[in-house]
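Throughout, this note's numbering is defined as the position within the sequence shown, counted from one, plus 440.
Beta carbons are placed, not taken as given, at the ideal position from N, Cα and C, and that holds for glycine.
Small disclaimer: the values here were computed from a predicted structure and weren't measured.
Below is one structure, written out as structure tokens, with a few remarks after it.
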Amino acid sequence: MDLEKAFHMKGGLGDNSYANNSSLQKKVADTVKHITLEAIEEMFTATRPKSLGIADLGCSSGPNTLSNVKELVDAVENACRKIQQPGPEFRVYLNDLPTNDFNTVFQALPDFYRELRKGRNDGGPAVYIAGCPGTFYGRLFPDNSLNFVYSSNSLHWLSRVPPGIYDEQGVSINKKSIYISEEPVRGGGSIPQTVPGGLVIFPQVEV
């Protein structure tokens, strides 16, 4: 099976689209988003880059994508206020498989930028958003190009069954079926692509 062609959310804005059926995913992500927001604040405060590269692995095509971006931008701006430093420029890379409906995301960008500028006299933060289609089991970005890499609802894309998920007989509880690839993410996936002091975070809800 060609995974890059087969695994994607239903695009568009119809009744059955992912965009209109992703509220549950939003609720799940919201329960752990404080971890992500605290992490990016701490990372920025420690490193203080003038240009901040952020990658969302598995961004999909619903409203959650840009909502997550805005929350990250707000968190960094909050950190800037605390340390009394001008905000950085934001380079945001939205990654998903090539068959993902990136067009729906891009069509929402004008509203996203208007929301960022709302109530501000300085024009708002400089946020540059680009799509980056491809699987994160391969190489996506140049070395030292990212400061913060994250993914939401990502447990089912692991390349191996986590070693702690076994019963008393040493058999995998999930029958070895909940992982997407036999190949490990080499070199930690995007880790070589992060700058020194950068951070890769995959927060998960315990079930």
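Check: Per DSSP, what kind of secondary structure is residue 512 in: helix, strand or coil?
Finding: Mapped onto the sequence shown, residue 512 falls at position 72. Of the three classes helix, strand and coil, the one that applies to residue 512 here is helix, per DSSP.
* **Member of 527, 471, 478 and 472 whose CA lies at the smallest distance from the CA of residue 562** => On the sequence shown, position 122 is the one that residue 562 refers to. Ranking the options by Cα distance to residue 562, first place goes to 527.
Taking the alpha-carbon positions, what's the residue 481 to residue 492 distance? Taking the first residue of the sequence shown as 1, we reach residue 481 at position 41. Taking the first residue of the sequence shown as 1, we reach residue 492 at position 52. So the alpha carbons of these two residues sit roughly 12 Å apart.
Determine whether the Cβ of residue 633 lies closer than 8 Å to any Cβ atom of chain E. Note that chain E does not occur in the displayed structure, where there is just one protein chain.
query = When DSSP labels each residue in this structure, what does residue 476 get in the three-state scheme?
reply = Along the sequence shown, read from residue 1 onward, the residue named residue 476 stands at position 36. Helix at residue 476.
- What is the rounded straight-line gap between the Cα of residue 534 and the Cα of residue 591? As a position in the sequence shown, residue 534 is number 94, starting the count at 1. As a position in the sequence shown, residue 591 is number 151, starting the count at 1. One C-alpha to the other measures close to 10 Å.
For residue 565, which residues of its own chain have a beta-carbon under 7 Å away from its beta-carbon, when the five flanking residues on both sides are left out? As a position in the sequence shown, residue 565 is number 125, starting the count at 1. For residue 565, where only same-chain residues beyond five positions count, the Cβ hits under 7 Å are 513, 517, 527, 530 and 556.
Margin query: I need the DSSP call for residue 462, collapsed to helix, strand or coil.
Written below: By 1-based counting over the sequence shown, the position of residue 462 is 22. For residue 462, the predicted structure reports a pLDDT of 48, less than 50, and the residue's modelled location is therefore unreliable. A value from the coordinates is still provided. Reduced to three states, the DSSP call for residue 462 is coil.
Where do the N-terminal and C-terminal ends of the alpha helix (DSSP H) with residue 543 fall, by residue? Residue numbering aside, residue 543 sits at position 103 when the sequence shown is read from its first letter. Here the alpha helix (DSSP H) through residue 543 covers 542 to 547.
| Once you ignore the five residues that flank residue 545 on each side, which residues in its own chain have a CB closer than 6 Å to its CB? | Against the sequence shown, residue 545 aligns to sequence position 105. Result list for residue 545: 501 and 505, in chain order.
Q) Going by Cα to Cα distance, which pick from 475, 510 and 633 is closest to residue 388? A) Here the chain has residues from 441 to 647 only, and residue 388 is not among them.
* Would you report the Cα separation of residue 571 and residue 485, rounded to the nearest angstrom? -> As a position in the sequence shown, residue 571 is number 131, starting the count at 1. As a position in the sequence shown, residue 485 is number 45, starting the count at 1. The alpha-carbon atoms of residue 571 and residue 485 are separated by roughly 27 Å.
Point to revise | N- and C-terminal bounds of the beta strand (DSSP E) containing residue 587 | key: Your numbering for residue 587 matches position 147 in the sequence shown. Taken as a continuous stretch (DSSP letters only), the beta strand (DSSP E) holding residue 587 covers 586 to 590.
**Asked** With 16 as the cutoff for other CB atoms within 10 Å, does residue 633 come out buried or exposed?
**Response** Taking the sequence shown and counting its residues from 1, one reaches residue 633 at position 193. So residue 633 counts as buried.
| Pairwise C-alpha distance: residue 522 and residue 473 | Here residue 473 refers to the residue found at position 33 when the sequence shown is read from its first residue. Here residue 522 refers to the residue found at position 82 when the sequence shown is read from its first residue. About 20 Å.
Exercise. Between residue 642 and residue 559, what straight-line distance do the alpha-carbon atoms span, to the nearest angstrom?
Worked result: One-based indexing of the sequence shown puts residue 642 at position 202. One-based indexing of the sequence shown puts residue 559 at position 119. Going by the C-alpha atoms only, they are around 33 Å apart.
Per DSSP, which one or two residues make a beta bridge with residue 531? Against the sequence shown, residue 531 aligns to sequence position 91. BP columns for residue 531 point to 493 and 568.
From residue 553 to residue 507, what distance separates their C-alpha atoms? Here the question's residue 553 lines up with position 113 in the sequence shown. Here the question's residue 507 lines up with position 67 in the sequence shown. Rounded to the nearest angstrom, the two C-alpha atoms are 11 Å apart.
Closest residue to residue 588 among 538, 574 and 637 (Cα-Cα distance):
Counted from its first residue, the sequence shown places residue 588 at position 148. Checked all of 538, 574 and 637; the closest Cα to residue 588 is 637.
(Q) I need the boundaries of the beta strand (DSSP E) containing residue 539, first residue and last residue. (A) In the sequence shown, the residue the question calls residue 539 occupies position 99. Counting along the chain, residue 539 falls outside any beta strand (DSSP E), and DSSP gives it neither H nor E.
Q. What are the residues that DSSP puts in a beta bridge with residue 641?
A. Counting from one through the sequence shown, the residue named residue 641 turns up at place 201. DSSP lists 590 as partners of residue 641.
Review point. Under three-state DSSP, which class holds residue 624?
Key: The sequence position of residue 624 within the sequence shown is 184, counting from 1. A caution first: residue 624 carries a pLDDT of 42, below 50, which makes its placement in the model unreliable, though a value can still be read off. Of the three classes helix, strand and coil, the one that applies to residue 624 here is coil, per DSSP.
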